[in-house]
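Single-structure report; data block below.
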Amino acid sequence: MTEDSKFTSKRMSRRRVLATAGVGALVAASPFRINLAMAQEPTIKIGFPVPLTGPYGTEAQDQVRAAEVAIAEFNEGGGLNGRKAELLVRDDKLNPGEAATRTLELVEKEKVNFIVGSLSAAVQLAVNNVTKQRGIIFNSISQSDTINEVSDFSKFTFHEALNPHMTAGAVGRYAFPKFGKKVAFLTADYAYGHEMVRGFQEAGKAFGVETVTDVRHPIGTTDFSALLPRIQALKPDILCISNFGRDQQIALKQATDFGMKKSMKIVAPILLYTGRVAAGAQAFDGVVGGTSYYWGIEDKVASAKAFNDRFRKMHGGKVPSDYGALGYGGVKTLLMGARAAGSLDADKVIAAVEALKYDYYKGPQYYRKCDHQSVQSVFIIESKANPQKGDADVFNVISTDEPNEANLRTCEALGHKN
Amino acid sequence: MSGLSFDLIALQLFTGLALGAIYVLFAIGLSLIFGMLTVVNFAHGAFYMVGAYAGLFLVSMGGNFWICLVGVPLLVGTFGMIVERFLVRPLYGRGIDYPLLLTFGLSYIMIELIRIAFGTSGYPFDTPELLQGAVDIGVGYFPLYRLFVIGATAVVLIGLWLFLERTSFGLVIRAGARDPQIVRVLGVDVSRVWLIVFGIGTAIAGFAGLLAAPLQGVIPEMGATILAEAFVVTVVGGMGSIGGAVLAGLLVGVVVSMSSLFAPEMAKVSIFALMAIVLLIRPQGFFGRAGLMS
């Protein structure tokens with residue numbers, strides 16, 4: 001660098017200082033100042049505790065991907081009067097204690113505006129406990145019947161996911177008239193399994209369904225062979241397998257190996273997209289179950305098409321899974337509620353979300369007033385023997401249980417007044 | 419309890435034997451390594467898991483299940499020998515806890531590496547076409563593949579027995595297990611013997627993992643559960659005893675199966691109850707030598 005250029009650069013910087021000062025003075029005097037100040041307002045923070053590690057890690061990571069889609073759409077749409085949203089993901093390790101700690105941290109340290117997440121009946125109740133005490137709106141995105149009940153519900157609690165009563169009910173109403181009345185259950189021995197069985201049995205009353213056995217197994221069972229011969233000997237028409245994740249994959253695989261599909265129909269309350277992809281066509285062949293979402297409905301549902309396309313664009317051509325899509329729905333409803341309310345004030349957002357009649361990704365939905373349960377459709381799906389349209393083409397939607405409050409437990413039964 | 423019949427109980431017994439076959443295969447490798455090398459191989463579950471992934475890899479390279487039956491034990495056994503040569507060998511003569519901690523850490527590294535290479539979500543492993551479906555075994559239908567697992571286990575056991583009892587190298591192995599110092603004085607390269615024993619033990623673990631893959635699919639954590647259960651088997655059978663591992667493995671399978679029939683909630687606990695009872699009556703297990711751990 002020469003003496004000359006040094007001199008020039010000095011002069012330049014002096015000029016720049018003057019210019020900056022001038023602009024600053026102008027801004028200070030102009031109405032633009034308000035906008036600039038607004039831009040510095042903190043973002044809308046959404047805490048997202050999900051089990052990134054552990055047996056449901058695959059589903060949880062997909063929930064994060066889908067939630068990112070909702071955030072991106074909201075921000076591109078101008079946010080809340082220019083205020084952008086941001087996702088704060090935490091690993092709850094599928095542990096209620098861990099989830100409560102992470103949630104408390106998100107509320108106290110990060111000052112989040114909303115919490116969305118959890119992927120287990122027990123974990124969501126732990127998160128809900130924290131959020132209802134702190135007055136933070138929580139949208140739960142996994143199955144539970146208890147969260148609707150008056151003992152756990154608060155006005156801050158929303159439930160975007162289906163609950164076992166709706167899911168098992170829809171599958172039961174489809175399966176019992178078609179496949180028979182003698183039903184055997186193979187059930188994971190915890191809240192999820194118990195609530196599903198209750199859902200099936202309540203739906204079964206109308207059809208005179210008889211339970212021949214209910215075999216309970218612990219979570220994380222890797223061999224079901226010892227449980228199957230007895231079920232086979234009882235000769236049921238239908239075998240309801242109510243378990244989740246790996247347990248479901250292994251149970252279906254081994255039931256297939258034992259030739260059980262020849263003498264009975266196997267149904268599951270929920271058929272997991274990720275589970276079907278991981279376990280292969282053989283194990284799931286001919287199995288009927290329910291789901292909150294399957295990407296293949298995009299042929300008929302415009303909002304699903306838009307969501308899938310956006311998801312594909314953001315995540316390398318992948319399609320969202322069932323539980324993944326709930327991450328989108330859970331975040332999107334709260335953000336749209338905030339936009340409708342024009343505020344982040346909890347009571348105003350609650351009122352706005354209660355008033356939403358929305359169709360963001362799976363057809364029409366709304367939150368029931370008394371328990372904030374999302375009233376929505378349940379898709380009855382059957383696994384395809386031979387996928388034609390690539391690896392993701394795994395299910396046929398064979399029936400749709402349309403959104404109907406009559407398929408939920410009544411507000412009175414849940415202990416809510418009015 | 420309704421619906422109990424002789425056929426059902428017989429079928430349940432058979433199911434237990436098939437279940438036990440995998441335990442047996444897993445536990446004899448564990449017992450072999452412990453009996454000869456006094457190494458408690460905590461990475462045995464990881465070798466089992468690597469066996470399943472090696473099978474997956476060979477199939478994706480265009481191989482089939484039958485090629486895997488030979489290729490997987492070779493691959494996993496070779497890997498086991500590398501581990502023995504460079505990691506376990508420097509720790510001989512340092513007390514039982516050194517190799518225990520080493521293999522414990524190694525199992526975590528192996529699982530993590532598999533997660534990085536193959537992802538966390540697991541893969542299906544289709545039952546080979548020839549062995550699909552169920553056959554009538556007189557008391558009811560039983561999956562053909564599980565019959566095959568029982569048969570394959572028997573073949574491995576007979577082969578191992580012949581190798582240890584009827585070959586001169588087997589004689590050296592047995593002598594080395596008794597008294598390595600004398601064997602060394604007699605001019606035998608004991609470290610080579612141990613290398614091969616570790617290789618055989620891990621090869622059988624890999625083989626067991628491959629056999630288990632069509633039963634339950636393949637995930638990085640698949641070795642962890644069976645490791646805990648296999649330790650029950652080796653403790654019940656007697657640490658270091660191969661015959662004990664066989665008997666205890668089959669017994670554990672049958673206990674799990676029978677308790678599943680009468681009280682499925684208790685099935686998981688039942689094998690630990692069995693272990694407690696055996697330890698109270700016979701602390702060294704069925705065929706164990708007392709004082710091997712000290």
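Quick note, the sequences are listed as chains B and R, same order. Numbers 1 to 418, taken from my numbering, label the letters of the first sequence in order. Numbers 419 to 712, taken from my numbering, label the letters of the second sequence in order. For each residue, glycine too, the CB sits at the ideal point set by N, CA and C. Keep in mind the model is a prediction, meaning the values are calculated, not measured.
Could one say the Cβ of Thr545 (chain R) lies closer than 8 angstroms to chain B's Cβ atoms, at least one of them?
Residue mapping note: residue 545 (chain R) aligns to position 127 of the second sequence, counting from 1. Contact with chain B is found for Thr545 (chain R), since one of that chain's Cβ atoms lies less than 8 angstroms from the residue's Cβ.
Using a C-beta to C-beta distance shorter than 7 angstroms, which residues of chain B count as neighbours of Ala713 (chain R)?
An answer regarding residue 713 (chain R) cannot be provided, because it is not within the stretch 419 to 712 covered by chain R.
Spatial distance of Gly317 (chain B) from Val116 (chain B) (CA atoms)
Numbered from its first residue, the first sequence carries residue 317 (chain B) at position 317. Numbered from its first residue, the first sequence carries residue 116 (chain B) at position 116. Looking at the two C-alpha atoms, the distance is approximately 25 angstroms.
Per-residue burial, Ile241 (chain B) [other beta carbons within 10 Å of its own, 16 or more giving buried]
If you number the first sequence from 1, residue 241 (chain B) lands on position 241. By the C-beta density criterion, Ile241 (chain B) is buried, having at least 16 other C-beta atoms within 10 angstroms.
If the cut is a Cβ gap below 7 angstroms, which residues of chain A does Ser688 (chain R) touch?
Note that chain A does not occur in the displayed structure, where the protein chains are B and R.
Rounded to whole angstroms, what is the Cα-Cα separation between Val488 (chain R) and Thr101 (chain B)?
By 1-based counting over the second sequence, the position of residue 488 (chain R) is 70. By 1-based counting over the first sequence, the position of residue 101 (chain B) is 101. Using only the alpha carbons, I get a separation of about 50 angstroms.
Cβ shell of Pro561 (chain R) (< 7 angstroms), same chain only, five flanking positions each side left out
Position 143 of the second sequence, counting from 1, holds the residue named residue 561 (chain R). Contacts found: Ala552.
Near-chain B residues of the segment 663 to 679 of chain R - C-beta to any C-beta below 7 angstroms:
From the segment 663 to 679 of chain R, only Val674, Ser675, Ser678 and Leu679 have a Cβ closer than 7 angstroms to chain B.
Run through the segment 236 to 291 of chain B for me and flag every whole beta strand (DSSP E) of 3 or more residues, listed as ranges in chain order.
Fully enclosed beta strand (DSSP E) runs of 3 or longer: 238 to 242, 265 to 270 and 288 to 291.
Residues near Phe432 (chain R) in its chain [Cβ-Cβ closer than 8 angstroms; skip 5 each side]:
Taking the second sequence and counting its residues from 1, one reaches residue 432 (chain R) at position 14. Apart from sequence neighbours up to five positions away, the residues of its chain that approach Phe432 (chain R) with a beta-carbon distance below 8 angstroms are Ile555, Val557 and Phe560, ordered along the chain.
Going along the chain, which residues of the segment 486 to 503 of chain R sit with their C-beta nearer than 9 angstroms to a C-beta in chain B?
Hits within the stretch: zero.
Residue range of the unbroken beta strand (DSSP E) whose run includes Gln365 (chain B):
To locate residue 365 (chain B), count along the first sequence from 1; it is residue 365. Unbroken beta strand (DSSP E) run through Gln365 (chain B): Gln365 to Tyr367.
Cβ-Cβ distance between Pro546 (chain R) and Phe497 (chain R) below 8 angstroms
Stepping through the second sequence from its first residue, residue 546 (chain R) is reached at position 128. Stepping through the second sequence from its first residue, residue 497 (chain R) is reached at position 79. Their beta carbons are not under 8 angstroms apart, which means Pro546 (chain R) does not touch Phe497 (chain R) by this criterion.
Integer Cβ distance of Ser659 (chain R) from Gly453 (chain R), believed to fall under 8 angstroms
Counting from 1 along the second sequence, the entry for residue 659 (chain R) is found at position 241. Counting from 1 along the second sequence, the entry for residue 453 (chain R) is found at position 35. Ser659 (chain R) to Gly453 (chain R), Cβ: 7 angstroms. Contact.
Pro682 (chain R) CB to nearest chain B CB: under 8 angstroms?
Here residue 682 (chain R) is taken as the residue at index 264 of the second sequence, counted from 1. It does; some Cβ of chain B falls within 8 angstroms.
Where the alpha helix (DSSP H) containing Leu548 (chain R) begins and where it ends
What you label residue 548 (chain R) is simply residue 130 of the second sequence in a count that begins at 1. Counting along the chain, no alpha helix (DSSP H) covers Leu548 (chain R), and no H or E run does either.
Boundaries of the beta strand (DSSP E) in which Pro49 (chain B) is found, first to last residue:
Sequence index remark: in the first sequence, residue 49 (chain B) carries index 49 (1-based). Unbroken beta strand (DSSP E) run through Pro49 (chain B): Ile44 to Val50.
Which residues in the same chain as Ser609 (chain R) place their Cβ atom closer than 7 angstroms to its Cβ, once the five residues preceding and following it in sequence are excluded?
Counting from one through the second sequence, the residue named residue 609 (chain R) turns up at place 191. When the five nearest sequence neighbours on each side are left out, the beta carbons in the same chain lying within less than 7 angstroms of the beta carbon of Ser609 (chain R) are those of Arg507, in order along the chain.
For Leu437 (chain R), the first and last residue of its enclosing beta strand (DSSP E):
Along the second sequence, read from residue 1 onward, the residue named residue 437 (chain R) stands at position 19. Bounds of any beta strand (DSSP E) do not take in Leu437 (chain R); it lies within the alpha helix (DSSP H) bounded by Phe424 to Leu455.
Below 8 angstroms on the Cβ atoms is my contact criterion, and I expect Ala445 (chain R) with Gly667 (chain R) to pass it. Report the Cβ-Cβ distance as a whole number of Å.
Position 27 of the second sequence holds residue 445 (chain R). Position 249 of the second sequence holds residue 667 (chain R). Contact flag correct, Cβ pair sits at about 5 angstroms.
From the DSSP secondary-structure annotation, give me the bridge partner or partners of Phe138 (chain B).
Translated into the one-based positions of the first sequence, residue 138 (chain B) becomes position 138. According to DSSP, which records beta bridges pairwise, Phe138 (chain B) is partnered with B:Ile115 and B:Thr157.
Go ahead and label Lys253 (chain B) buried or exposed: buried means 16 or more other beta carbons lie within 10 angstroms of its beta carbon, across all protein chains shown.
Looking up residue 253 (chain B) in the first sequence gives position 253. Under this definition Lys253 (chain B) is a buried residue.
DSSP state of Met1 (chain B), grouped into three classes?
Along the first sequence, one-based indexing puts residue 1 (chain B) at 1. Confidence at Met1 (chain B) is low in this model, with a pLDDT of 39, below 50, so the placement of that residue should be treated as unreliable; the coordinate-derived value is given next. In this structure, Met1 (chain B) counts as coil in the three-state DSSP scheme.
Give me, in chain order, the residues of the same chain whose beta-carbon lies closer than 7 angstroms to that of Lys132 (chain B); leave out the 5 immediate sequence neighbours on both sides.
Along the first sequence, read from residue 1 onward, the residue named residue 132 (chain B) stands at position 132. So the list reads Ser154, Phe156 and Thr157, once near-sequence residues are dropped.
Phe200 (chain B) versus Lys181 (chain B) - alpha carbon distance:
Numbered from 1 along the first sequence, position 200 holds the residue referred to as residue 200 (chain B). Numbered from 1 along the first sequence, position 181 holds the residue referred to as residue 181 (chain B). Going by the C-alpha atoms only, they are around 12 angstroms apart.
Does the segment 568 to 587 of chain R come into contact with the segment 454 to 473 of chain R, if we say contact requires no fewer than three beta-carbon pairs (one atom in each stretch) closer than 8 angstroms?
Short answer: they don't touch.
Kindly provide the ranges of any beta strand (DSSP E) runs that are 3 or more residues long and lie completely inside the segment 328 to 367 of chain B, ordered along the chain.
If only complete runs of 3 or more residues are kept, the segment 328 to 367 of chain B shows the beta strand (DSSP E) at 365 to 367, in order along the chain.
Counting contacts by CB-CB distance shorter than 8 angstroms, is His315 (chain B) in contact with chain R?
For this step, residue 315 (chain B) is matched to residue 315 along the first sequence. False, the Cβ-Cβ gap to chain R never drops below 8 angstroms.
In whole angstroms, give me the CA-to-CA distance for Asn407 (chain B) and Leu492 (chain R).
Here residue 407 (chain B) is taken as the residue at index 407 of the first sequence, counted from 1. Here residue 492 (chain R) is taken as the residue at index 74 of the second sequence, counted from 1. Cα to Cα, Asn407 (chain B) sits roughly 58 angstroms from Leu492 (chain R).
Can you confirm whether Leu429 (chain R), when its beta carbon is compared against all beta carbons of chain B, has any partner nearer than 8 angstroms?
The residue labelled residue 429 (chain R) in the question sits at position 11 within the second sequence. For Leu429 (chain R), the answer is yes, since a Cβ of chain B falls inside 8 angstroms of its Cβ.
Just list the residues that DSSP pairs Asn396 (chain B) with in beta bridges.
Counting from 1 along the first sequence, the entry for residue 396 (chain B) is found at position 396. Note: Asn396 (chain B) sits in a beta bridge opposite B:Glu382.
Does the segment 229 to 247 of chain B come close enough to the segment 265 to 275 of chain B that 3 or more CB-CB pairs lie under 8 angstroms?
In short, these stretches touch, since the Cβ pair count reaches three.
For Ser478 (chain R), decide whether its Cβ has a neighbour in chain B, counting only Cβ atoms nearer than 8 angstroms.
For the purposes of this step, residue 478 (chain R) is identified with residue 60 of the second sequence, where counting begins at 1. No, no contact with chain B.
Compare the C-beta of Leu633 (chain R) with all C-beta atoms of chain B and state if any pair is closer than 8 angstroms.
To locate residue 633 (chain R), count along the second sequence from 1; it is residue 215. The C-beta of Leu633 (chain R) comes closer than 8 angstroms to at least one C-beta of chain B.
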